[in-house]
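Data first, discussion second: the structure below is written as structure tokens.
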Amino acid sequence: MLSRAEIEELFPATRNLVYLDTAYRGPLCKPAREAAEEYLRSVSERGSLEIQRYIELLNNCRKRLATVFNAKPEEFVFLANATDAFSRVTLGIDWREGDEVIAPENDYPGLLRPLLDLRRRGVKLVLVPAKDDSVFAEQLLAACTPRTRLIAASHVNFRTGSCLDVSTLCAGAKKKGVLTAIDVVQSAGCLQLDFGALGVDFGTFAARKWFCALDTLGIFYVREESLNKLTPHTLGLFSVAEPHNFDAIDQPLASGARRFMLGAPPYIQIAAFDAALELYQRAGAAEVERSVLALRKATRERAKAAKIGCVGEAWPAQAKSPIVCLRREGRLADESLGPRLLERGIVASVRKGIIRVSPHWFNTETDVDRLFDALAAFEPRK
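In this note's numbering, the protein residues as written are 852 to 1233.
So this is what it looks like as structure tokens:
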């Protein structure tokens, strides 16, 4: 693992802040910033002469993704954001009147709204209610009927931090002939993910959270065996086999996930993401996971000692993620809590009823201590 001095150099936000809000937005890491700056410099000085360089970088980034997620490079495509990626699923399935799609009732709006929109195509959205602030794989599978075509869910729930047993879900769905779309935006970059072993049909995530890269980059994973289960909702320059053959307008689709790509890719975001992904590999996926789960444990232990409740205290061990949601009860319910924490340089998501704490591998247990020291000292202003 890198030294503390090296980590502070790589994540400048850690020098002056106790940053515990990666689930909202990861602080941009230095390699990503430098890669973006290099892109701007190079195209400013050389213009179109640099395009081939960044096409090669894009292809190398897909190879890096394949290594990290145990998948194939052609199973990934870069889009605008995670919701844009997920819309390729909702718009790409050949829906029929009366079809059903299943999702947790407490999932992210960016996942639920595209599913709600399917009502205009006669598709019924079945929302599975939460049990103990979580929706488990067994509940989603039990909700399936012969009309179910898709189960869509987040691997880690943004509201509660509950972690879905994706392997069980995907195996059960496959037996029923049901497709799976899993949003891994709150787990990619902090938990080890093996798309090949999990059996996910479609996966989505963003670069800006746990990978600490730039905004406006979504990654869409399409399992090779599931590729033909989706039809691109429209075509663009890069959707076909030979995008730069401008004389052949009517062409076969690209052989992999690139068929879901329309216009020119966001090269600056991809350059930054590739640098952030390289840093993740350098840190080591196993070590990152060990670190974030140790910080989760420390956060829960400090909460218990401080008599502050946590969401999901009764969950099984495998249902817990790096995100810990502390209950805002008593004096902690005061609306001034968020600004007062910020006065102490502590960044966390203070929301209705909870404080969402999401430490990453650049954090330490000292950061957790500083949070709970601040909570212990907090008194509402009169």
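All C-beta atoms, glycine included, are put in the ideal place defined by N, C-alpha and C.
Where residue i and residue j are concerned, what is the direct C-alpha to C-alpha distance, given to the nearest angstrom?
{"i": "F920", "j": "R1232", "result": "48 Å"}
{"i": "G1087", "j": "F1111", "result": "9 Å"}
{"i": "L992", "j": "D1218", "result": "39 Å"}
{"i": "R1207", "j": "V979", "result": "23 Å"}
{"i": "E926", "j": "R1191", "result": "45 Å"}
{"i": "S893", "j": "K1060", "result": "26 Å"}
{"i": "S1106", "j": "H1095", "result": "15 Å"}
{"i": "L1078", "j": "D945", "result": "13 Å"}
{"i": "L909", "j": "C1063", "result": "18 Å"}
{"i": "F1089", "j": "T1082", "result": "15 Å"}
{"i": "N1214", "j": "E885", "result": "22 Å"}
{"i": "I1174", "j": "I906", "result": "36 Å"}
{"i": "D1098", "j": "L1104", "result": "16 Å"}
{"i": "E1216", "j": "A1126", "result": "27 Å"}
{"i": "A1058", "j": "S1018", "result": "23 Å"}
{"i": "R1221", "j": "G898", "result": "48 Å"}
{"i": "N867", "j": "I1197", "result": "9 Å"}
{"i": "D1045", "j": "D1034", "result": "14 Å"}
{"i": "K881", "j": "D1224", "result": "29 Å"}
{"i": "S1172", "j": "A931", "result": "26 Å"}
{"i": "Q903", "j": "G1047", "result": "31 Å"}
{"i": "A1024", "j": "K1080", "result": "15 Å"}
{"i": "D958", "j": "A1004", "result": "7 Å"}
{"i": "A1199", "j": "D1101", "result": "51 Å"}
Looking at C-alpha atoms only, which residue of the options is the closest neighbour of residue i?
{"i": "R1178", "options": "L1192, G1163, S1187", "result": "G1163"}
{"i": "K795", "options": "P955, I1002, R1191", "result": "The chain is shown from 852 up to 1233; residue 795 falls before or after that span and cannot be answered."}
{"i": "G1114", "options": "V1091, A1122, A1123", "result": "V1091"}
{"i": "F1053", "options": "S938, A1137, D1101", "result": "S938"}
{"i": "G943", "options": "F1056, A1225, K1155, A1032", "result": "A1032"}
{"i": "R1133", "options": "S895, L871, T918", "result": "T918"}
{"i": "R915", "options": "A1122, L871, E896", "result": "A1122"}
{"i": "F1009", "options": "D984, G1023, Y1131, I1100", "result": "D984"}
{"i": "G1204", "options": "E1230, T1011, W1212", "result": "T1011"}
{"i": "V1201", "options": "Q1120, Y875, A856, E1152", "result": "Y875"}
{"i": "G949", "options": "T996, C1041, L1144", "result": "T996"}
{"i": "S895", "options": "E1152, R1153, I1119", "result": "I1119"}
{"i": "I1235", "options": "S1187, E1093, G1040, A1048", "result": "Within the shown structure, residues of the chain are numbered from 852 to 1233, placing residue 1235 beyond reach of any answer."}
{"i": "P924", "options": "I902, V1073, R971", "result": "V1073"}
{"i": "V974", "options": "D958, R947, L962", "result": "R947"}
{"i": "G961", "options": "S854, F1056, R972", "result": "F1056"}
{"i": "A887", "options": "F1124, L853, A1170", "result": "F1124"}
{"i": "A1228", "options": "A1137, L1188, H1211", "result": "L1188"}
{"i": "R971", "options": "V1143, T941, R1195, E1186", "result": "T941"}
{"i": "E1138", "options": "W1212, L966, I858", "result": "W1212"}
To the nearest whole angstrom, what separates the beta carbons of residue i and residue j, a pair I think is in contact under 8 Å?
{"i": "V952", "j": "A1108", "result": "Not a contact, Cβ separation roughly 21 Å."}
{"i": "Q1037", "j": "H1006", "result": "7 Å"}
{"i": "G1050", "j": "C1021", "result": "4 Å"}
{"i": "R1000", "j": "L1030", "result": "6 Å"}
{"i": "A981", "j": "E956", "result": "6 Å"}
{"i": "L1226", "j": "A1157", "result": "7 Å"}
{"i": "A988", "j": "D968", "result": "Not really, about 25 Å apart at Cβ, beyond 8 Å."}
{"i": "Q1043", "j": "E1140", "result": "5 Å"}
{"i": "D872", "j": "S1209", "result": "6 Å"}
{"i": "T1067", "j": "P1117", "result": "6 Å"}
{"i": "Y890", "j": "P878", "result": "Contact doesn't hold; Cβ gap of about 20 Å is too wide."}
Would you mind reading off the limits of the beta strand (DSSP E) that contains residue i?
{"i": "V1201", "result": "1200–1202"}
{"i": "Y1118", "result": "Premise fails: Y1118 lies in the alpha helix (DSSP H), 1118–1134, not in any beta strand (DSSP E)."}
{"i": "A887", "result": "First-last for A887: 881–897, but that is the alpha helix (DSSP H), not the beta strand (DSSP E)."}
{"i": "I1205", "result": "1205–1208"}
{"i": "R1178", "result": "1175–1178"}
{"i": "L930", "result": "927–930"}
Under the DSSP definition of a beta bridge, which residues are partnered with residue i?
{"i": "I1002", "result": "I953, T1031"}
{"i": "V1091", "result": "L1104"}
{"i": "T1055", "result": "D1034, F1071"}
{"i": "C1063", "result": "Paired residues: none, contrary to the question."}
{"i": "I1197", "result": "V869"}
{"i": "V979", "result": "P955"}
{"i": "V1007", "result": "C1014"}
{"i": "L861", "result": "In DSSP, L861 forms no bridge with anything."}
{"i": "L1042", "result": "A1039"}
{"i": "K1171", "result": "S1013"}
{"i": "S1142", "result": "Answer by DSSP bridge pairing: none, since S1142 is not bridged."}
{"i": "S985", "result": "K982"}
Using a threshold of 7 Å, is the CB atom of residue i nearer than that to any non-hydrogen atom of the ligand FAD?
{"i": "L942", "result": "The ligand FAD is absent from the structure shown, which contains no ligands of any kind."}
Can you give me the start and stop residues for the alpha helix (DSSP H) that residue i sits inside?
{"i": "I1159", "result": "No alpha helix (DSSP H) holds I1159; DSSP gives it neither H nor E."}
{"i": "K914", "result": "902–920"}
{"i": "A1099", "result": "Unbroken run through A1099: none, as it is neither H nor E."}
{"i": "V1219", "result": "1216–1228"}
{"i": "D935", "result": "933–941"}
{"i": "L1078", "result": "First-last for L1078: undefined, no H or E at that position."}
{"i": "L963", "result": "960–967"}
From the beta carbon of residue i, is the nearest beta carbon of chain B less than 8 Å away?
{"i": "D872", "result": "Of the protein chains in this structure there is only one, and it is not chain B."}
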